[in-house]
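All remarks here apply to the structure that follows.
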């Protein structure tokens, strides 16, 4: 007993080494990254995405967007892996996994069996879910212009209820109260040379009601109290806007090149080019802003802390390297509480005591809360247990 108690105390004091790493499309030799992750109580789901560029004998260049999606048990055991194409988003719906790929929306069972598919008109960059319906934004840019399409899809049978054409490429879509907000432009994770950007209001029956020209790519879009909260970016500049359901701009704040918008109550946490900021949406004032060495790609709130993941792709000797970190921030003041080197963080999923990180190195890194969140948030219970164990040890001497 004298030996067991010190071991128990050390187990509680020392950091746990419970992380595991997983990979998908491991036989692919092209640059690849984990662009989307999701989780439930039994598994972690992730998607590996990559591009193949082929030069034909006629001089034409073809680009193929490919990838796989797989599931891992909570202990890291790979359960399955299927072809899915280049994936932009994963979501869980009615005990099914929805895979948003550039070619459309795929519905699979949690064992990886295909159930249904909706093929989008163009490249599908985003979707949002309300009840039994998915709202899909797809588009593309061609030599002579661009095209876009918004569709409402009935998820039980994956059929289109309506679709509407728009004259710009949409990259973000969110369902508001009695309206669908659509943002055009290159969304977070993509870029191009053409400058454009609108927020479009579409009725529940598929009619375009209004358009607001924002002049920059809509990088991200969320809904707050029925309003659209829009983060834009172009050429290292950007704005945060609030637009109501009638197309009226309520707020237009100069900020920075935006990548992600996360809303908690009346606070918008905004990340982007080497910055993270907290904005009070009620009064339009900036609460704090913090600087970072990398572009911050994704944000998540978890157990009272703000997780911020970012990084960059660096090329040396024709080899692409992924560099970056996961930061744990105090959401009240932006102070960095912990920094974990992970490689370029492209996606994050949280819940059930786990934090899953998808990186630009094609690694899914899954960590326990204790490995990421500062020790003090575990509460006084641990300290009390340590004191009781120490007291018991003294009694045995």
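Residue numbers (my numbering): 100 to 496. All C-beta atoms in this analysis are idealised placements derived from N, C-alpha and C, irrespective of residue type, glycine included. Note that the structure is predicted; figures quoted are calculated from it, not measured.
Query                                                                                                                                                            : Result
Let me know if residue 261 comes out buried or exposed under the rule of 16 or more other beta-carbons within 10 Å of its beta-carbon.                           : exposed
Please confirm whether residue 270 and residue 286 have their CB atoms less than 7 Å apart.                                                                      : yes
Can you say whether residue 504 is buried or exposed, counting buried as having 16 or more other CB atoms within 10 angstroms of its CB?                         : There is simply no residue 504 to check, as the chain begins at 100 and stops at 496 in what is shown.
Below 8 Å on the Cβ atoms is my guess for residue 470 versus residue 118; work out the distance and round it to an integer in Å.                                 : 6 Å
Near residue 314, what residues of its chain come up, given a Cβ to Cβ distance below 7 Å and the 5 sequence neighbours on each side ignored?                    : 296
With DSSP as the reference, identify every bridge partner of residue 212, one or two as the case may be.                                                         : None; residue 212 has no bridge partner.
Which ranges does the beta strand (DSSP E) cover as unbroken runs of at least 3 residues, wholly within the segment 192-273, from first to last along the chain? : 195-200, 203-207, 213-218, 222-229, 232-241, 244-253 and 258-265
Looking at the secondary structure, which residues open and close the beta strand (DSSP E) in which residue 424 lies?                                            : 418-428
Tell me whether residue 139 sits in a helix, a strand or coil according to DSSP, three-state version.                                                            : coil
If you compare alpha carbons, which of 329, 168 and 472 is closest to residue 357?                                                                               : 329
On the DSSP bridge list, what partners appear for residue 150?                                                                                                   : 164
So, at 6 Å on beta carbons, what are the nonlocal neighbours of residue 401 in its own chain, with the 5 sequence-adjacent residues on each side left out?       : 449
If residue 447 and residue 405 are in contact, beta carbons under 8 Å, what's the gap, nearest whole angstrom?                                                   : That belief does not hold up - the Cβ atoms of residue 447 and residue 405 are roughly 11 Å apart, past 8 Å.
Measure the C-alpha to C-alpha separation of residue 323 and residue 267 and round it to an integer number of angstroms.                                         : 24 Å
Once you ignore the five residues that flank residue 391 on each side, which residues in its own chain have a CB closer than 6 Å to its CB?                      : 373
With 16 as the cutoff for other CB atoms within 10 Å, does residue 325 come out buried or exposed?                                                               : exposed
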